[in-house]
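Visitor: With the working numbering applied, the sequence shown closes on residue 503, and no number is skipped along the way.
In this text, a Cβ means the ideal position worked out from N, Cα and C, and glycines have one as well.
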Amino acid sequence: MAAALCCTSLQAAPQIKARTMASDAKARPMASDAEAAKRFKPNPPELPATMRAVVWRGDMDPAKMKIEELQMPRPKADEVLIKVRACGVCHTDLHVILGEVPFPKPGVLGHEVSGTVIELGEGADASLLGAKVMTTFIMPCAKCRFCKIGEEDTCEPFFTYNRGKGQLYDGSSRLKTVAGEDVAMYSMGGLAEYCVCPTTAVFKLPERLGENLFAESCVLGCMFFTAYGAVHNAARLKKGESVAVIGCGGVGSAVIQMAKAVGADPIIAVDLGEEKLNQAKKNGATLTVDASSDVPAEIAKLTNGHKVDVCFEVIGLKKTFENAVMSVRDGGRAAYIGIADVKVKAEVPITHLVRRRISLNGSYGARASTDTPEVVKLAENGQIDFVNPITRRFSLEEAAQAYRMLGNREILGRAIVEISKY
Ligand SMILES: NC(=O)c1ccc[n+]([C@@H]2O[C@H](COP(=O)([O-])OP(=O)(O)OC[C@H]3O[C@@H](n4cnc5c(N)ncnc54)[C@H](O)[C@@H]3O)[C@@H](O)[C@H]2O)c1
Ligand SMILES: [Zn+2]
Ligand SMILES: [Zn+2]
């Protein structure tokens, strides 16, 4: 499986002290020494000098993103190099492409990957070497005041360096063109053959997922991670509570699954058109409402006038934001996941919100260190079905097309980009 890791000629020695898969081959379970010898070549590793990545250069048409050769990224302290197996196609990347969420260009998008750790930066946990892993899109610094109190989802350096500048926490990107131009990383920059990720966002996959669902496991890193955070942290959803999910694409499908795992009932899916609503039913929705109708009124009808305990908004439009406030019962909670053009504002009826004790909770990802093990456990035990929502698979060459289709609402559930074969 790892033979191709060591396929080309020896490159310049790493600039930092790093341990590699080749140097620590014994950390991995091996069938025999002979097989190990076939798989690995001696230290230092023979990594290619360059890798292929989908680079966004600021064009608002996602289909114009092109594959470029970038210098092979190398991990620094507390980071690892991952050979990417697959990367999920998330609408947040599309917001960046469309200029709705500011981000420096050129950049490599893609922020939920599965892959194999092939090199360790200094101080990185040695047991990660050779492990099949998934990454969370929030990569906590582990040192700021928010991380220290467990609120990793508001990690300050993550927003300042990564979301603001496309960098990691030493104030530089690990990505460069062959000519030496800096290339921004959106999270780890997963739409590439290799990516560097801080170890705070890297989680080993249990054998069942690593062996059978390695590619699919990438969607645990944003789609299901985000759904977990919204259901458990923002909404604090309880068994038996009623739920509506407005926007049942990738993340919405995962919210439905997470709500089902908690025991919510009913689960009302709201989206546009029969195809999306039928898909939502396959993911566990018990009732559906077409979004072209008067959504709060339809939700009231379906709940004997009570409306729902919790409404999740998972698209990020003014109208759907406002509908979510009006779809919850008195004392209910609206949890907001959808990201919008940063200029978009919504209106809420102040007196209704105050007198009816409505809570509006923003929800961004989840808390990597505490929540990811729970997400992985739910996936391993089959309590969430993260395979059914994956309806399309693209190659790296087709990734740009995948984002164009996502923008045209032609993707049901989630698409993934499969980058390597193992
Ligand atoms: N808060 C977070 O941590 C976080 C994480 C990931 C994604 N997001 C955001 O969540 C949103 C959804 O992401 P995704 O990847 O699931 O996108 P997606 O494109 O897969 O899904 C969006 C869904 O909304 C539906 N939709 C469109 N207009 C609608 C309307 N008027 N009413 C109801 N449904 C409508 C679409 O048909 C589609 O099914 C995006 O804004 C994305 O940026 C937020
Ligand atoms: Zn995402
Ligand atoms: Zn932090």
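Among G202, R244, K213, whose alpha-carbon lies nearest the alpha-carbon of L286?
Guide: Of the listed residues, the one whose Cα sits closest to L286 is K213.
Visitor: Could you give the first and the last residue of the continuous beta strand (DSSP E) run that contains K320?
Guide: Per DSSP, K320 belongs to no beta strand (DSSP E) and is neither H nor E.
Visitor: So, with DSSP's three-state summary, where would you put P187?
Guide: Coil.
Visitor: Closest to A296 by CA distance: which of A207, E233, G169, S373 is it?
Guide: Answer by Cα proximity: G169.
Visitor: Which two residues bound the contiguous alpha helix (DSSP H) that contains Q482?
Guide: It spans 480-488 - the alpha helix (DSSP H) in which Q482 sits, taken as one unbroken run.
Visitor: Could you give the distance in angstroms between the alpha-carbon of G494 and the alpha-carbon of T472?
Guide: Whole-angstrom Cα-Cα distance: 6 angstroms.
Visitor: So what does DSSP say about A496, is it helix, strand or coil?
Guide: Strand at A496.
Visitor: Return the first residue and the last residue of the beta strand (DSSP E) that E200 is part of.
Guide: Looking at the DSSP string, the run of the beta strand (DSSP E) that includes E200 is 194-201.
Visitor: Compute the beta-carbon to beta-carbon distance between A282 and T369, rounded to the nearest angstrom, for a pair I have assumed lies under 8 angstroms.
Guide: About 35 angstroms separates the two Cβ atoms, so there is no contact after all.
Visitor: With distance defined between alpha-carbon atoms, name the residue in Q152, A167, V198, G139 nearest to V177.
Guide: Ranking Q152, A167, V198, G139 by Cα distance to V177 puts G139 first.
Visitor: Which same chain residues end up closer than 8 angstroms to S113 when comparing Cβ atoms and leaving out the 5 residues on each side of it in sequence?
Guide: Residue confidence is low: S113 scores 44 on pLDDT, short of 50, so the model does not pin down where it sits. Its coordinate-derived value is still stated next. Answer for S113: no residue qualifies.
Visitor: Can you tell which of G310, Y242, D422, L434 has its C-alpha closest to the C-alpha of T453?
Guide: That would be G310, whose Cα lies nearest to the Cα of T453.
Visitor: Rounded to a whole number of angstroms, what is the C-alpha to C-alpha distance between R414 and I396?
Guide: Roughly 17 angstroms separates the two Cα atoms.
Visitor: Please determine, among L353, D411, I199, the residue with the shortest C-alpha to C-alpha distance to N489.
Guide: When each option's Cα is compared against that of N489, the closest is L353.
Visitor: Could you name the residues whose beta carbon sits closer than 7 angstroms to any heavy atom belonging to ligand 3, keeping them in chain order?
Guide: Qualifying residues come out as P221, C222, A223, K224, C225, F227, C228, E233, C236, E237, P238, F239.
Visitor: How big is the Cα-Cα spacing for K382 and V136?
Guide: Computed Cα separation, rounded: 47 angstroms.
Visitor: For N578, tell me which candidate among R448, M132, V194 has the shortest Cα-Cα distance.
Guide: For residue 578 there is no data in the structure shown, the boundaries of the chain being 82 and 503.
Visitor: Among all the DSSP beta bridges, which residues are the ones paired with Y417?
Guide: Its beta-bridge partners are E394, G443.
Visitor: Between which residues of its own chain and Q338 is the CB-CB distance below 8 angstroms, once the five residues before and five after are set aside?
Guide: Taken in chain order, the residues that qualify are F305, A308, N364, G365, I465, D466, F467, P470.
Visitor: What's the C-alpha gap between A460 and R289?
Guide: Roughly 10 angstroms between the two C-alpha positions.
Visitor: Check whether the Cβ of E355 lies closer than 7 angstroms to any heavy atom of ligand 2, and answer yes or no.
Guide: E355: no, Cβ never under 7 angstroms from ligand 2.
Visitor: So the candidates are M220, V264, C276; which of them puts its Cα closest to the Cα of E200?
Guide: Checked all of M220, V264, C276; the closest Cα to E200 is C276.
Visitor: Which residues have their C-beta within less than 5 angstroms of a heavy atom of ligand 2, listed in chain order?
Guide: In chain order, the hits are C171, T173, C303.
Visitor: Please state the DSSP three-state secondary structure of V136.
Guide: Three-state DSSP puts V136 in a strand.
Visitor: For the region 399-411 against the region 331-347, do three or more pairs of beta-carbon atoms, one drawn from each stretch, fall closer than 8 angstroms, so that the two count as touching?
Guide: The answer is no - the region 331-347 does not touch the region 399-411, with fewer than three Cβ pairs under 8 angstroms.
Visitor: To the nearest whole angstrom, what separates the beta carbons of A325 and V389, a pair I think is in contact under 8 angstroms?
Guide: A325 to V389, Cβ: 5 angstroms. Contact.
Visitor: I want to check one thing, is the minimum distance from the CB of G204 to the heavy atoms of ligand 1 below 7 angstroms?
Guide: It does not: the Cβ of G204 is nowhere closer than 7 angstroms to a heavy atom of ligand 1.
Visitor: Can you give me the Cβ contacts of K399 inside the same chain, cut-off strictly under 7 angstroms, excluding the 5 residues immediately before and after it?
Guide: Result list for K399: V425, A427, in chain order.
Visitor: Which class does Q360 belong to by DSSP, given the choice of helix, strand or coil?
Guide: Three-state DSSP puts Q360 in a helix.
Visitor: In the DSSP assignment, find the unbroken beta strand (DSSP E) run with R289 in it and report its ends.
Guide: R289 -> not in any beta strand (DSSP E); alpha helix (DSSP H) instead, spanning 288-293.
Visitor: When you measure from the CB of V395 to every non-hydrogen atom of ligand 1, does any distance come out below 7 angstroms?
Guide: Yes - ligand 1 has a heavy atom lying nearer than 7 angstroms to the Cβ of V395.
Visitor: State yes or no: is the C-beta of G291 within less than 8 angstroms of the C-beta of E193?
Guide: In this structure, E193 does not lie closer than 8 angstroms to G291 by Cβ.
Visitor: What did DSSP end up calling K147 once you bin it into helix, strand or coil?
Guide: Three-state DSSP puts K147 in a strand.
Visitor: Would you check if the distance between the CB atom of A416 and the CB atom of V391 is smaller than 8 angstroms?
Guide: Result yes, Cβ atoms of A416 and V391 sit closer than 8 angstroms.
Visitor: Is R485 near A134, with beta carbons less than 8 angstroms apart?
Guide: Not in contact: R485 and A134 (Cβ atoms no closer than 8 angstroms).
Visitor: For L175, does the three-state DSSP call read helix, strand or coil?
Guide: Correct three-state label for L175: helix.
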